[in-house]
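*Asks:* Got a structure for you, questions after.
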């Protein structure tokens, strides 16, 4: 095999929100840099994953992209249903390390660099064993990254003030974190093994050759400037990386329904691959959509109580066609202007459709990027992880969304509020500035990725580092 071409290995941790951006990074490295790329996938749901097209290398990648599904890991011994999805991810990735090491050791042409996400930092030791460059890919924004990198250095008294007295937590050079935007890690005891593992992962990130972030300079200039000035680790904003539109989807019944609707008249409602609502909240959302009198496409999942990330580790491509958790008569009353979609929809294709005029979203960063790239204004409804931070950025800083609720509220959002905000984003004058702003961001994002753009140049820097490392290894230095 040719050994003059850089070979990049990527490790994707469990969850669609982790896998999809890693696959897009891999395809980007192939199409823009002509690198050989191998993606190692850690998954908790092998059966469902192998039934999707995600593990199939695109035809245009030729033999440059390999996707390897690592063996199934049984984590049933770590607890029952009460165990958090974060604990499941961490344990699954850690127990996959021997399989990753074995796969890499068998390679005739070993990787030049290893790229991991936040949950894969234990794999960086394998990179050291084989003299590989080490990178971390954060499939979120620079503000979230800044908070992570600063966590080990923040005085515990300041964190206690933040948690107990609800004081803003100051991050050097960045926007402070309000209590209502908080991350779960700040509520952990410092002796908690997961807190210690979190800090250890951050320390490992700081010793890598760089951190790739799914954002771009023009979107977060202040935060990225602050990160670079700390000089802890090189930062490479390379976004927005989103899944491209698949033309094969356009025979889909959802797209066919959208084809019949007026331009920018439909609100798309989806809480991502993992988000779920309570039974009461599902009913209020249904009533709110009905009261708004606006067209909608709603991706539905059965309600769960006290678990906003109830389906994060499941692919959710199945069907729950009963819909018996909706208000009586709702499907019939709204059938002329609404489409109910059980479990899953081709989101990029939906957001790119000209009839879509707004996106009610959980503010996962993948969904946020897909909405911006397609110029769709958002209604922010954060559920878990860093989504409250994302919602704050979108509404207060970027001006790309309205907020359906105060993020500090745990109460169900009422139907009147939902109806009002849907009308604002689609038809009322109050949403006009947001609709205008999102078009600017769409152009801004495209410019960042174009040749000579900020993200294009960042990716080129990473590629050059890999090429130079390969040359150095080849010369025996």
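Numbering (our numbering), first residue to last: 1463 to 1939.
Cβ atoms here follow ideal geometry from the backbone N, Cα and C, with glycine treated the same way.
Given the structure is predicted, the values throughout are model-derived calculations rather than measurements.
Three-state secondary structure (DSSP) at residue 1498?
*Replies:* Locating residue 1498 in the chain shown gives position 36, where the first residue counts as 1. It is a strand residue.
*Asks:* Go through the stretch 1783 to 1830 residue by residue and report every complete run of the beta strand (DSSP E) that reaches 3 residues or more, in order.
*Replies:* The qualifying runs are 1800 to 1804, 1818 to 1823.
*Asks:* In this structure, how does DSSP classify residue 1598 when only helix, strand and coil are distinguished?
*Replies:* Within the chain shown, numbered from 1, the residue matching residue 1598 stands at position 136. It is a strand residue.
*Asks:* Closest to residue 1727 by CA distance: which of 1789, 1820, 1502 is it?
*Replies:* Start at 1 with the first residue of the chain shown, and residue 1727 comes out as number 265. That would be 1820, whose Cα lies nearest to the Cα of residue 1727.
*Asks:* Measure the Cβ-Cβ separation of residue 1761 and residue 1695 and say whether it is below 7 Å.
*Replies:* Along the chain shown, one-based indexing puts residue 1761 at 299. Along the chain shown, one-based indexing puts residue 1695 at 233. No, these two residues do not count as a Cβ contact at 7 Å.
*Asks:* Cα separation between residue 1774 and residue 1766?
*Replies:* Within the chain shown, the letter at position 312 stands for residue 1774. Within the chain shown, the letter at position 304 stands for residue 1766. Low confidence applies here, because residue 1774 scores a pLDDT of 48, under 50, leaving its location unreliable; read the following figure in that light. For residue 1774 and residue 1766, the distance between alpha carbons rounds to 12 Å.
*Asks:* Going straight from the alpha carbon of residue 1807 to that of residue 1592, what length do you get?
*Replies:* Locating residue 1807 in the chain shown gives position 345, where the first residue counts as 1. Locating residue 1592 in the chain shown gives position 130, where the first residue counts as 1. When rounded, the distance between both Cα atoms is 41 Å.
*Asks:* Near residue 1681, what residues of its chain come up, given a Cβ to Cβ distance below 6 Å and the 5 sequence neighbours on each side ignored?
*Replies:* As a position in the chain shown, residue 1681 is number 219, starting the count at 1. Taken in chain order, the list of residues that qualify is empty.
*Asks:* Do residue 1532 and residue 1561 have their beta-carbon atoms positioned less than 7 Å apart in this structure?
*Replies:* For the purposes of this step, residue 1561 is identified with residue 99 of the chain shown, where counting begins at 1. For the purposes of this step, residue 1532 is identified with residue 70 of the chain shown, where counting begins at 1. Their beta carbons are under 7 Å apart, which means residue 1561 touches residue 1532 by this criterion.
*Asks:* Return the bridge partner residues of residue 1750 from the DSSP annotation.
*Replies:* For this step, residue 1750 is matched to residue 288 along the chain shown. Partner(s): none; residue 1750 has no beta bridge.
*Asks:* For residue 1922, report the span of its alpha helix (DSSP H) as first-last.
*Replies:* Translated into the one-based positions of the chain shown, residue 1922 becomes position 460. Counting along the chain, the alpha helix (DSSP H) containing residue 1922 begins and ends at 1916 to 1936.
*Asks:* What first and last residue would you give for the alpha helix (DSSP H) that runs through residue 1560?
*Replies:* Here residue 1560 corresponds to residue number 98 of the chain shown, with the count starting at 1. Taken as a continuous stretch (DSSP letters only), the alpha helix (DSSP H) holding residue 1560 covers 1547 to 1567.
*Asks:* Whole angstroms are fine: how far does the CA of residue 1829 sit from the CA of residue 1471?
*Replies:* The residue labelled residue 1471 in the question sits at position 9 within the chain shown. The residue labelled residue 1829 in the question sits at position 367 within the chain shown. Spanning the two alpha carbons is a distance of roughly 25 Å.
*Asks:* Counting only runs of 3+ residues fully inside the stretch 1823 to 1904, write out the beta strand (DSSP E) ranges in chain order.
*Replies:* Entirely contained in the stretch 1823 to 1904, the beta strand (DSSP E) runs reaching 3 residues are, in chain order, 1840 to 1842, 1863 to 1865.
*Asks:* Express the C-alpha separation of residue 1919 and residue 1913 in angstroms, rounding to a whole number.
*Replies:* To locate residue 1913, count along the chain shown from 1; it is residue 451. To locate residue 1919, count along the chain shown from 1; it is residue 457. Residue 1913 and residue 1919: Cα-Cα distance of roughly 8 Å.
*Asks:* Mind checking whether residue 1887 and residue 1750 have CB atoms under 7 Å apart?
*Replies:* In the chain shown, the residue the question calls residue 1887 occupies position 425. In the chain shown, the residue the question calls residue 1750 occupies position 288. Against a cut-off of 7 Å, the Cβ pair of residue 1750 and residue 1887 comes out as no contact.
*Asks:* Within 10 Å of its beta-carbon, does residue 1669 have 16 or more other beta-carbons around it, so buried, or fewer, so exposed?
*Replies:* Translated into the one-based positions of the chain shown, residue 1669 becomes position 207. Exposed, by the Cβ-count rule.
*Asks:* Where does residue 1791 land, buried or exposed, given buried means 16+ other C-beta within 10 angstroms?
*Replies:* Taking the chain shown and counting its residues from 1, one reaches residue 1791 at position 329. When all chains shown are included, residue 1791 counts as exposed.
*Asks:* Assuming residue 1677 and residue 1699 make a contact with CB atoms under 8 Å, what is their CB distance in whole Å?
*Replies:* The count along the chain shown starts at 1 and reaches residue 1677 at position 215. The count along the chain shown starts at 1 and reaches residue 1699 at position 237. Yes, residue 1677 and residue 1699 are in contact; Cβ-Cβ is about 5 Å, under 8 Å.
*Asks:* Could you tell me whether the Cβ atoms of residue 1801 and residue 1759 are closer together than 7 Å?
*Replies:* For the purposes of this step, residue 1801 is taken as residue 339 along the chain shown, with counting starting at 1. For the purposes of this step, residue 1759 is taken as residue 297 along the chain shown, with counting starting at 1. Contact flag set, yes.
*Asks:* Measuring CA to CA, which of 1805, 1709, 1876, 1825 is closest to residue 1854?
*Replies:* In the chain shown, counting from the first residue as 1, residue 1854 sits at position 392. Looking at the Cα atoms, 1825 is the closest of the given residues.
*Asks:* Would you mind stating whether residue 1473 and residue 1598 have Cβ atoms separated by less than 7 Å?
*Replies:* If you number the chain shown from 1, residue 1473 lands on position 11. If you number the chain shown from 1, residue 1598 lands on position 136. The answer is no: Cβ separation not under 7 Å.
*Asks:* For residue 1672, which three-state DSSP category applies?
*Replies:* The residue given as residue 1672 occupies position 210 in the chain shown. Strand at residue 1672.
*Asks:* To the nearest angstrom, report how far apart residue 1840 and residue 1640 are at their CA atoms.
*Replies:* Position 378 of the chain shown, counting from 1, holds the residue named residue 1840. Position 178 of the chain shown, counting from 1, holds the residue named residue 1640. If you take the alpha carbons of residue 1840 and residue 1640, they lie about 22 Å apart.
*Asks:* Tell me whether residue 1545 is buried or exposed, calling it buried when 16 or more other Cβ atoms sit within 10 Å of its Cβ.
*Replies:* Reading the chain shown from its first residue, position 83 is the one you call residue 1545. Exposed, since its Cβ has fewer than 16 Cβ neighbours within 10 Å.
*Asks:* Runs of 3 residues minimum, wholly inside the stretch 1709 to 1741: which ones carry the beta strand (DSSP E) assignment?
*Replies:* The qualifying runs are 1728 to 1732.
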